Amino acid sequence: PVWQLVNKDYTDILYHHTAEGIAKITINRPEVRNAFRPQTVRELIDAFHHAHLDPEIGVIIFTGAGELAFCAGGDQRIRGEAGYRDESGIEHLNVLELQRQIRTLPKPVIAMVAGYAIGGGHVLHLLCDLTIAADNARFGQTGPKVGSFDAGFGAGLMARTIGLKKAKEIWFLCRQYDAAEALAMGLVNTVVPLTELESETVNWCRHMLRHSPTALRVLKAAFNADTDGLAGIQELAGNATALFYTTAEAQEGRNAFLERRTPDFNRFKRRP
Ligand code: 1HA
């Protein structure tokens, strides 16, 4: 594909897109295995927001620069007493906001993983809808080793994805797992040779781009609905409202209000 670089103001990430409707968001800090700082996360949130709102974009690839890492989690050099320090000294855990954004934005997000997906970087691939791993990929959590934990999606969504026993093993032992082991436990969708990582990921994107965007959108929300309680139902229900707004029945209500008359819903049938 022909990748066009979009926003040149980012320092920590790259945002590309293609004419066919694929966005690619890349953490660009390869010197620290693509570990993130608050600025990185802020830029990622901005880029995902951009891809969310762009009507030309149908699917989003999330990846890390280079072949050594997808992401190595929070940048431990700027970890303070209550989070990760930004340039003004404020300490953040703003990656939690990014996690929710990836989970709820109504387009498929594919993690494209070469090398390490570790710690908070592992949780980010977990949050993506699909993961394509290169054969050099390595997965794992480090929290209990480095004095951290993700007791939110990091624990709960992992248990849902691969089962409780395996999730507890990953968190309690802090081992690393290769791509074949990750595939066997259902942590990734497929494993491909490193040289084919991007072409195969793009193939999966093109496949989804041929499908109904509304169907994909409602299905993504459906997979969150039962776990996310009222917020999950809200997400699913928002789709019902959006679809309802496209109907003559809903528009009769709006039109009657604007025309200062009583709405006439009689012509709309009560379907079984
Ligand atoms: O748990 C959370 C959160 C929980 C709740 C809410 C928010 C959270 C936010 C974040 C996190 C976390 O992410 S905690 C977990 C933090 N990450 C880690 O513990 C992983 C640390 N890194 C490693 O274990 C290894 O570097 C590696 C397995 C990814 C790669 O090993 P490798 O290939 O042997 O390379 P290495 O020499 O270790 O690293 C290359 C360079 O990258 C080193 O710098 P250099 O010596 O060249 O100056 C290394 O220090 C740097 N680097 C790697 N990872 C990080 C890092 N620097 C800062 N932070 C890192 N995470």
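Going by full-length UniProt numbering, the sequence shown opens with residue 14, and the numbers climb by one from there.
By construction, the Cβ of each residue, glycine as well, lies at the ideal position given by its N, Cα and C atoms.
This one's a predicted model, so the numbers in the text were calculated from it and none came from an experiment.
- Assignment of PHE162 by DSSP, reduced to helix, strand and coil, places it in the coil class.
- A buried status is given to LEU210, since no fewer than 16 other beta-carbon atoms sit within 10 Å of its beta-carbon.
- Only residues of its own chain outside the window of five on either side were considered, and among them MET171 and ALA172 have a CB closer than 6 Å to the CB of ALA180, listed in chain order.
- Per DSSP, reduced to three states, the secondary structure at PHE281 is coil, with no helix or strand assignment.
- Taking the C-beta atoms as reference points, GLU110 is found no nearer than 7 Å to GLY93.
- In the three-state reduction of the DSSP assignment, LYS233 falls in the helix class, which pools H, G and I.
- Unbroken alpha helix (DSSP H) runs of no fewer than 4 residues, entirely contained in the region 135 to 199, are found at 156 to 159, 166 to 175, 177 to 186 and 192 to 197, following chain order.
- Taken in chain order, the unbroken stretches of beta strand (DSSP E) that lie wholly in the region 99 to 126 and span 3 residues or more are 122 to 126.
- The region 81 to 95 and the region 20 to 27 do not touch, with fewer than 3 CB-CB distances between them shorter than 8 Å.
- Distance check between THR203 and each of ARG188, ASP142 and VAL54 places ASP142 closest, using alpha-carbon atoms only.
- Boundaries of the beta strand (DSSP E) harbouring TYR129: 129 to 131, taken from the DSSP string.
- The criterion of a C-beta distance shorter than 7 Å is satisfied by GLY132 and THR155.
- Between THR31 and ALA78, the gap from beta carbon to beta carbon reaches 7 Å or more.
- In its chain, beyond the 5 residues on either side, no residue has a beta carbon closer than 6 Å to the beta carbon of THR227.
- Residue range 35 to 40 is occupied by the beta strand (DSSP E) that includes ALA36.
- Two segments are said to touch when three or more pairs of C-beta atoms, one from each, lie closer than 8 Å; by this definition the region 188 to 195 does not touch the region 216 to 223.
- By the CB criterion at 7 Å, VAL72 and ILE115 fall outside the cutoff.
- Shown here, LEU81 sits in coil according to DSSP, grouped into three states, outside any helix or strand.
- Short note on ARG90: C-beta closer than 6 Å to some heavy atom of the ligand 1HA.
- Taking C-alpha positions only, ASP163 is separated from PRO121 by approximately 23 Å.
- Relative to GLU33, the option among GLU265, ASN237 and LEU222 whose CA is nearest is LEU222.
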